[in-house]
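See structure below.
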Amino acid sequence: MTDGHRPYPALPRLTDEERIAKARSLSETLATRRSCRHFSSDSVPKEVIELAIQAAGTAPSGANHQPWHFAAISSPGIKRRIREAAEQEERRFYGFDGAEAKAGKAWLDALDPLGTDDQKPFLETAPWLIVVFAQRKGGIAEDGETQNYYVTESVGIACGLLLATLHKAGLATLTHTPSPMGFLREICRRPETEKPVMIVVAGHPAPEASVPDHAAKKKPLETISSWL
Ligand code: IYR
1 MTDGHRPYPA
11 LPRLTDEERI
21 AKARSLSETL
31 ATRRSCRHFS
41 SDSVPKEVIE
51 LAIQAAGTAP
61 SGANHQPWHF
71 AAISSPGIKR
81 RIREAAEQEE
91 RRFYGFDGAE
101 AKAGKAWLDA
111 LDPLGTDDQK
121 PFLETAPWLI
131 VVFAQRKGGI
141 AEDGETQNYY
151 VTESVGIACG
161 LLLATLHKAG
171 LATLTHTPSP
181 MGFLREICRR
191 PETEKPVMIV
201 VAGHPAPEAS
211 VPDHAAKKKP
221 LETISSWL
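What follows is the structure, encoded as structure tokens:
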């Protein structure tokens, strides 16, 4: 074996039938995930959030620099500050501040079927907010200087694993992207070299939670794939 290498880790030995069954099972589980915009205040153990972040941290990344940071927030005071700052930005985004909407007509039209607006009470109600930061620089040692690579791609995959783990743990999630979201860097006390990417809201759905029909329409396999 090449110096500095170790054997490829053992994978489960499965028959093709078992492989198909496993793939089907996870695929069906993931197919039931829906963004949630109405959370209850029921608690979620910190350990679930820790395990989900640990899973996110296994994502492949450019040069294995792992260019991400997850700020996990359960403090009511910090959640309130995030809600207030997010709603202030969203008022400008949706044009509820008296000025022209920053979003523009096409974007607002695209959001119409979701029924979103500038009110974000879930940022206070949900037990956990996970603010995901992308590290433009830092390398594996987090030195704040070494160049990172494929940061957007790496952090995107990490977010996917985070959402998948939270979903498998039976939690509802929302990927929330207040725009702009520079305020999150200050509230979470993160350095200039980091860019806030999204807030992953995690908790239990409120009893009255609903999802827009629009969100349940997923493109079929034939549309999203080609086979060559
Ligand atoms: N940040 C806004 C707008 C928004 C944008 C997209 I693209 C969405 O898929 C959903 C919302 C908000 O959170 O309301």
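Numbering (full-length UniProt numbering), first residue to last: 1 to 228. Every residue gets a Cβ at the ideal spot worked out from N, C-alpha and C, and that includes glycine.
At which residues does the beta strand (DSSP E) containing residue i begin and terminate?
| i | result |
| --- | --- |
| residue 196 | 194-203 |
| residue 86 | No beta strand (DSSP E) holds residue 86; the alpha helix (DSSP H) holding it covers 76-94. |
Which residues in the same chain have their Cβ closer than 6 Å to the Cβ of residue i, if we skip the five residues on either side of it in sequence?
| i | result |
| --- | --- |
| residue 241 | The structure shown does not extend to residue 241, since the chain spans only 1 to 228, so no value can be given for it. |
| residue 130 | 70, 72, 200 |
| residue 158 | 56, 59, 68 |
| residue 176 | 199, 201 |
Apart from the five residues on each side of it in sequence, which residues of its chain come closer than 8 Å, Cβ to Cβ, to residue i?
| i | result |
| --- | --- |
| residue 115 | 212 |
| residue 55 | 161, 162, 164, 165 |
| residue 111 | 103 |
| residue 207 | 40 |
| residue 121 | 83 |
Among all the DSSP beta bridges, which residues are the ones paired with residue i?
| i | result |
| --- | --- |
| residue 175 | 200 |
| residue 66 | The partner list for residue 66 (beta bridge, DSSP) is empty, contrary to what the question assumes. |
| residue 71 | 131 |
| residue 54 | The partner list for residue 54 (beta bridge, DSSP) is empty, contrary to what the question assumes. |
| residue 137 | 147 |
| residue 35 | 173 |
Take residue i and list the residues in its own chain whose beta-carbon comes closer than 7 Å to its own, dropping the five residues that flank it on each side.
| i | result |
| --- | --- |
| residue 278 | With the chain covering only 1 through 228, there is no way to say anything about residue 278. |
| residue 147 | 137 |
| residue 97 | 91 |
Please report the residue range of the alpha helix (DSSP H) in which residue i lies.
| i | result |
| --- | --- |
| residue 122 | 122-125 |
| residue 151 | 151-168 |
| residue 214 | 213-216 |
| residue 208 | Element bounds for residue 208: n/a, residue is neither H nor E. |
| residue 27 | 16-31 |
| residue 186 | 183-187 |
Using a Cβ-Cβ distance under 9 Å, would residue i count as near chain B?
| i | result |
| --- | --- |
| residue 181 | Checking the listed chains, one finds no chain B in this structure; it contains a single protein chain. |
Between the segment 132-146 and the segment 1-10, do at least 3 Cβ pairs fall closer than 8 Å? Counting Cβ pairs under 8 Å, fewer than three are found: no touch.
Using the beta carbon as the reference atom, which residues fall closer than 6 Å to any heavy atom of ligand 1, ordered along the chain? Any residue whose Cβ sits closer than 6 Å to a heavy atom of ligand 1 makes the list: 90, 93, 111, 114, 116, 176, 177, 178, 179.
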